[in-house]
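Following: one structure in structure tokens, then a few remarks.
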Amino acid sequence: MLFDYENLSLSDRRALGGLHDSKQMNAEDRERLYPYVLRAATKVSVTVRCVRGIDGRGLHNTNVEALSTSLERVARDGAICLVDGFRLPGCSVQHRQVVDGDATSAAIAAASVIAKVSRDRYMHGAGSSYPGWGFDENVGYSTPEHRDAIARNGISVLHRRSFASVAYKQLALDGSLPAELEGVADVLDSEEIAAAIEADADGVEADQAVGGNGSLGGEPGPGQGPDPALLGEADGEDRASRAA
Numbered sequence: 059m060l061f062d063y064e065n066l067s068l069s070d071r072r073a074l075g076g077l078h079d080s081k082q083m084n085a086e087d088r089e090r091l092y093p094y095v096l097r098a099a100t101k102v103s104v105t106v107r108c109v110r111g112i113d114g115r116g117l118h119n120t121n122v123e124a125l126s127t128s129l130e131r132v133a134r135d136g137a138i139c140l141v142d143g144f145r146l147p148g149c150s151v152q153h154r155q156v157v158d159g160d161a162t163s164a165a166i167a168a169a170s171v172i173a174k175v176s177r178d179r180y181m182h183g184a185g186s187s188y189p190g191w192g193f194d195e196n197v198g199y200s201t202p203e204h205r206d207a208i209a210r211n212g213i214s215v216l217h218r219r220s221f222a223s224v225a226y227k228q229l230a231l232d233g234s235l236p237a238e239l240e241g242v243a244d245v246l247d248s249e250e251i252a253a254a255i256e257a258d259a260d261g262v263e264a265d266q267a268v269g270g271n272g273s274l275g276g277e278p279g280p281g282q283g284p285d286p287a288l289l290g291e292a293d294g295e296d297r298a299s300r301a302a
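Now the structure itself:
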């Protein structure tokens with residue numbers, strides 16, 4: 059996520075005033091903010107990695123590599139590059155880790171909204187392809203209903219064998235990759251246009267990266283005033299462009 063704070067319109071600032079940690083927001087608020095974030099951003103990149111790659115490389119290593127890829131795509135000369143929580147050892151872009159970044163940086167908070175909405179939309183679509191696990195309701199999280207579904211049906215190709223789960227232990231899974239995962243693509247990432255996400259919101263799979271300042275319209279509703287703590291100098295620097 060790259061924001062050029064100096065060029066944000068008043069409308070953009072008002073719309074983004076409600077940004078904070080996406081995990082602390084409900085789904086409706088995240089969906090409401092999503093198009094405003096895309097409109098205000100100079101550039102957004104979303105990188106997706108499949109279950110086979112995560113099981114093979116490990117979740118943390120996969121996360122670090124995917125975050126590095128996204129940051130390298132959106133970074134530009136003169137921008138402050140921020141990462142929420144930890145550093146990215148293999149990233150070619152100089153960056154700074156920010157503890158609780160989604161509570162102090164608009165760029166990080168906006169990136170968390172894009173990531174969460176993109177993931178949830180994918181899982182809602184997966185609910186139709188894999189109806190036995192309730193993905194459209196649990197969006198992949200380990201709810202009691204999801205664990206019961208695993209006990210009844212086993213696991214799908216979307217389930218990580220390496221995930222530590224009580225439900226998995228009940229199935230006596232040993233963490234090895236099942237044969238059905240061999241056909242899953244190892245890397246799913248691309249750079250497309252923001253409209254592609256909006257046009258097929260529930261079908262986002264490999265996911266798209268975008269260049270900002272698109273034609274997503276609409277004005278923010280009441281109570282969406284600017285939040286100086288995020289949209290001002292919250293990142294502790296004077297430079298106007300921030301990537302996360």
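Residues in the sequence shown are numbered from 59 upward in steps of one, following my numbering. Just so it is clear, CB atoms sit at the ideal spot from N, CA and C, and this is done for glycine as well.
- Counting only runs of 4+ residues, the alpha helix (DSSP H) found wholly inside the segment 84–164 occupies 85–98, 109–115, 117–132, in chain order.
- Straight through space, the alpha carbons of Arg145 and Val156 are spaced by roughly 9 angstroms.
- In the three-state DSSP reduction, Asp70 falls in the helix class (H, G or I).
- Residues of the same chain with a CB within less than 8 angstroms of the CB of Tyr92, apart from the 5 flanking positions on each side, are Val171, Ile172, Val175 in chain order.
- Excluding five sequence positions before and after Arg88, the CB atoms of its chain that fall closer than 7 angstroms to its own CB belong to Ser80, Val171, Lys174, Val175, given in chain order.
- Looking at Gly136, Ala164, Tyr188, the one whose alpha-carbon comes closest to that of Asp70 is Ala164.
- Taking the C-beta atoms as reference points, Val151 is found no nearer than 7 angstroms to Asp178.
- Using a 10 angstroms sphere on the CB of Arg110, the tally of other CB atoms reaches 16 or more, which defines it as buried.
- For the pair Ala133 and Phe221, the Cα-to-Cα distance works out to about 32 angstroms.
- Closest by C-alpha distance to Ser126, out of Val106, Leu117, Gly148, is Gly148.
- Under a 10 Å Cβ-count criterion, Ser187 is classified as exposed, with fewer than 16 other Cβ atoms of the shown protein chains found around its own Cβ.
- With contact defined as three or more Cβ pairs closer than 8 angstroms, the segment 59–69 and the segment 92–104 are in contact.
- Boundaries for Asp79: no beta strand (DSSP E) harbours it, and the DSSP string shows neither H nor E there.
- For Phe61, no alpha helix (DSSP H) encloses it; the enclosing beta strand (DSSP E) starts and ends at 60–62.
- Leu140 is positioned such that its CB atom lies no closer than 7 angstroms to that of Ile112.
- Shown here, Arg300 sits in a strand according to DSSP, grouped into three states.
- When the Cα atoms are used, Gly183 and Phe61 turn out to be separated by approximately 29 angstroms.
- A check of alpha carbon separations from Glu195 across Glu130, Ala85, His78, Gly76 identifies Ala85 as the nearest.
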